[in-house]
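So the structure is just underneath, and the comments pick up after that.
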Amino acid sequence: MQVFSLTAFLILAGFPNFAFAEELEFDKVYASGTTVSSKVLGISLKVPKGYEGSVGGEFFVMSPGEEAMVAVTAEEATLAQAKAYLSSPQDLGEGYYMTPTAAPVTKAKMASVACSITHGLTTWPGEATIVIGPHGIAVGVIATASKSQFATVKNVGRSVAKNTKFKKPFVPKPGKSSGKWVS
Numbered sequence: 147m148q149v150f151s152l153t154a155f156l157i158l159a160g161f162p163n164f165a166f167a168e169e170l171e172f173d174k175v176y177a178s179g180t181t182v183s184s185k186v187l188g189i190s191l192k193v194p195k196g197y198e199g200s201v202g203g204e205f206f207v208m209s210p211g212e213e214a215m216v217a218v219t220a221e222e223a224t225l226a227q228a229k230a231y232l233s234s235p236q237d238l239g240e241g242y243y244m245t246p247t248a249a250p251v252t253k254a255k256m257a258s259v260a261c262s263i264t265h266g267l268t269t270w271p272g273e274a275t276i277v278i279g280p281h282g283i284a285v286g287v288i289a290t291a292s293k294s295q296f297a298t299v300k301n302v303g304r305s306v307a308k309n310t311k312f313k314k315p316f317v318p319k320p321g322k323s324s325g326k327w328v329s
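The numbering of the sequence shown is the working numbering, which starts it at 147 and goes up by one.
Below, the structure written as structure tokens:
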């Protein structure tokens, strides 16, 4: 059986890197209970109990072990865009595919869909949720696991989505120019 690679798993392809207030580093593991945030995006979330998190490419991936994960990413989007994204199969990159197994459900500023996540010959059940914050930042959360662990991991993914905190994104003030870079 092929095991999902946590560092290669790409969620909601095309989302920009997190710019966390606590500078996240590749190859660094963040323990259960650690709060990570992005001032630029105006979001923060806590690594769930029993999970560890790390940056994998452009994404923050949390896992309690090799057969389960919750991955998070963010970008600007509307609820209509989120629903459209969740309505059709998506190539997530690195050989991973998300296929909806039902129609997306929307409630308030959230869209979610039951799906399957496929990599090679392995397919796991999944749930993708996108939460739209008050300043137009969409946080995407995908929970996926082996069938035996999925019910628990799905609840963890829902909790991460529900408990993501939003603030006004930080926009740095332009500095004084030292002149042209190129003449």
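Where a beta carbon is used, it is the ideal one built from N, C-alpha and C, also for glycine.
Rounded to the nearest whole angstrom, the CA to CA distance from Ala214 to Trp270 is 9 Å. With the rule of 3 Cβ pairs closer than 8 Å, the stretch 224 to 233 does not count as touching the stretch 189 to 203.
Non-local C-beta neighbours of Tyr243 in its own chain, meaning closer than 8 Å and more than five positions away in sequence, comprise Pro235, Gln236, Asp237, Ile263, Thr264 and His265, ordered along the chain.
Annotation: the stretch 231 to 304 contains the following complete segments of the beta strand (DSSP E) (minimum length 3 residues), in chain order: 236 to 239, 242 to 246, 251 to 253, 256 to 265, 268 to 278 and 283 to 291. For the pair of segments examined, the stretch 209 to 226 was found to touch the stretch 286 to 304: the number of CB pairs separated by less than 8 Å reaches three. If the five residues before and after Lys308 are omitted, its C-beta is found closer than 6 Å to no C-beta atom of its own chain.
A distance below 8 Å separates the beta carbons of Val218 and Val287. In this chain, the beta strand (DSSP E) harbouring Phe205 covers Phe205 to Gly211. Under the three-state reduction of DSSP output, Leu191 falls in the strand class. The Cβ neighbour count for Phe172, taken over all protein chains shown within 10 Å, is under 16; the residue is labelled exposed.
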